[in-house]
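A short worksheet on the structure shown next.
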Amino acid sequence: SQTIHQWPATLVQPVGSPLSLECTVEGTSNPNLYWYRQAAGRGLQLLFYSIGIDQISSEVPQNLSASRPQDRQFILSSKKLLLSDSGFYLCAWSTTGIAKNIQYFGAGTRLSVL
Amino acid sequence: SQQGEEDPQALSIQEGENATMNCSYKTSINNLQWYRQNSGRGLVHLILIRSNEREKHSGRLRVTLDTSKKSSSLLITASRAADTASYFCATDGDGGSEKLVFGKGTKLTVNP
Chain A
184 SQTIHQWPAT LVQPVGSPLS LECTVEGTSN PNLYWYRQAA GRGLQLLFYS IGIDQISSEV
244 PQNLSASRPQ DRQFILSSKK LLLSDSGFYL CAWSTTGIAK NIQYFGAGTR LSVL
Chain B
24 SQQGEEDPQA LSIQEGENAT MNCSYKTSIN NLQWYRQNSG RGLVHLILIR SNEREKHSGR
84 LRVTLDTSKK SSSLLITASR AADTASYFCA TDGDGGSEKL VFGKGTKLTV NP
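So the sequence lines, in the order shown, correspond to chains A and B. In the numbering used here, each residue's number is its place in the first sequence (first place is 1) plus 183. In the numbering used here, each residue's number is its place in the second sequence (first place is 1) plus 23.
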């Protein structure tokens, strides 16, 4: 069965520090991968999605970047965090087959930038 | 742009009652999905309804879709305290896209 791992669960970082959040998927190959941010009490904002290695689309101009060094690994990074980067970050994957629209989410990372 | 918009934003009911949440969207879709999120957790897919379907059931869940009105509803029957969560609708935006656009969600509280 497929599983998605996202870590860390919580993170407190000072303004100006770097960021690296990692997400890995097991049990499937060539998944579509997604990074979302969720502000408190709000919906999900799509940040990046990837349909393959070296194929990453950015949805919103921001202080963040994403990379996909391996087929089932998706990393969200920042060189210098801003206060506004605080939020709940969610990684998700979907298949590339018939059920490609259904997304499966990780447990999320709560990031606090102080 | 925000595609799905749920209402109400918050709903509080007693255990055993039915809960109805609504979602409206703006563009044509191939399908519409509902997800559930427990506090501080990731989203979990509940049900998908295709644009050529009008109603779909899964256990205590009933979803309807009216493409002429660009709206959907999620009904949870005989609610339980464990149903307390936020519920989001999601659409595939321009149709057939790998991307989903989520609404802001309805926060459901089921009181025991």
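We put the CB at the ideal spot given by N, CA and C, even for glycine.
Inset, instruction - Would you mind telling me which residues of chain B sit closer than 7 Å to Tyr272 of chain A, beta carbon to beta carbon, in chain order? - result: In chain order: nothing, as chain B lies at least about 10 Å away.
Legend entry - Cutoff 8 Å; reference Glu209 of chain A; Cβ partners in own chain excluding five residues on either side: Gln185, Thr186, Ile187, His188 and Arg255
Legend entry - Reduced DSSP secondary structure (H/G/I, E/B, other) of Ala223 of chain A: coil
Inset, instruction - Using 10 angstroms around the beta-carbon of Glu78 of chain B, count the other beta-carbons present and answer buried if the total reaches 16, otherwise exposed. - result: exposed
Inset, instruction - Could you please tell me which residues of the segment 44 to 72 of chain B, in chain order, have their CB closer than 9 Å to any CB of chain E? - result: Within the model displayed, chain E is absent; protein chains A and B are what it includes.
Legend entry - Every unbroken alpha helix (DSSP H) within the segment 231 to 264 of chain A, with a cutoff of 4 residues, ordered by chain: none
Inset, instruction - For Leu216 of chain A, I'd like the list of residues in its chain whose CB is within less than 6 Å of its CB, leaving aside the five on either flank, ordered along the chain. - result: Ser233, Phe257 and Trp276
Inset, instruction - Check the C-beta distance from Trp218 of chain A over to Tyr272 of chain A and give it rounded, since I have them as a contact under 8 Å. - result: 7 Å
Legend entry - Boundaries of the beta strand (DSSP E) in which Lys130 of chain B is found, first to last residue: From DSSP, the beta strand (DSSP E) with Lys130 of chain B extends over Thr129 to Asn134.
Legend entry - chain A within 7 Å of Glu78 of chain B, Cβ atoms only: So no, Glu78 of chain B is outside the interface.
Inset, instruction - Step through the CB atoms of chain B and report whether any lies within less than 7 Å of the CB of Gly289 of chain A. - result: yes
Legend entry - Beta-carbon separation (whole angstroms), Leu148 of chain B vs Leu84 of chain B, contact threshold 8 Å: Any answer about residue 148 of chain B is impossible in this case: the structure gives chain B only from 24 up to 135.
Inset, instruction - Say whether chain B places a C-beta atom closer than 7 Å to the C-beta of Arg225 of chain A. - result: yes
Legend entry - Which listed residue (A:Gly291, A:Leu247, A:Trp190 and A:Gly224) has its alpha carbon closest to that of Leu265 of chain A: A:Leu247
Legend entry - Rounded separation between Arg59 of chain B and Pro252 of chain A - CA only: 30 Å
Legend entry - Pair within 7 Å by beta-carbon distance, Gln56 of chain B and Leu34 of chain B: No.
Inset, instruction - Tell me where the beta strand (DSSP E) around Glu76 of chain B begins and ends. - result: First-last for Glu76 of chain B: undefined, no H or E at that position.
Inset, instruction - Could you check the C-alpha separation between Ser24 of chain B and Asp268 of chain A for me, to the nearest Å? - result: For Ser24 of chain B, the pLDDT reaches just 43, beneath the cut-off of 50, and the residue's location in the model is therefore unreliable, although a value from the coordinates is still provided. Straight through space, the alpha carbons of Asp268 of chain A and Ser24 of chain B are spaced by roughly 20 Å.
Inset, instruction - Using a Cβ-Cβ cut-off of 7 Å, state whether Lys127 of chain B counts as contacting chain A. - result: yes
Inset, instruction - Pull up the distance between the alpha-carbon of Ser94 of chain B and that of Asp237 of chain A, whole angstroms please. - result: 37 Å
Inset, instruction - Tell me, please, which residues DSSP counts as bridged to Asp89 of chain B. - result: Asp89 of chain B pairs with B:Ser94.
Inset, instruction - Can you check DSSP and say which residues form a bridge with Leu69 of chain B? - result: Bridge partners of Leu69 of chain B: none, in fact.
Inset, instruction - At 9 Å on the CB atoms, spell out the chain A contacts of Asp30 of chain B, in chain order. - result: Chain A residues near Asp30 of chain B: none, gap ~13 Å exceeds 9 Å.
Inset, instruction - Would you please verify whether the beta carbon of Asn213 of chain A is less than 7 Å from any beta carbon of chain B? - result: By this cut-off, Asn213 of chain A is not an interface position.
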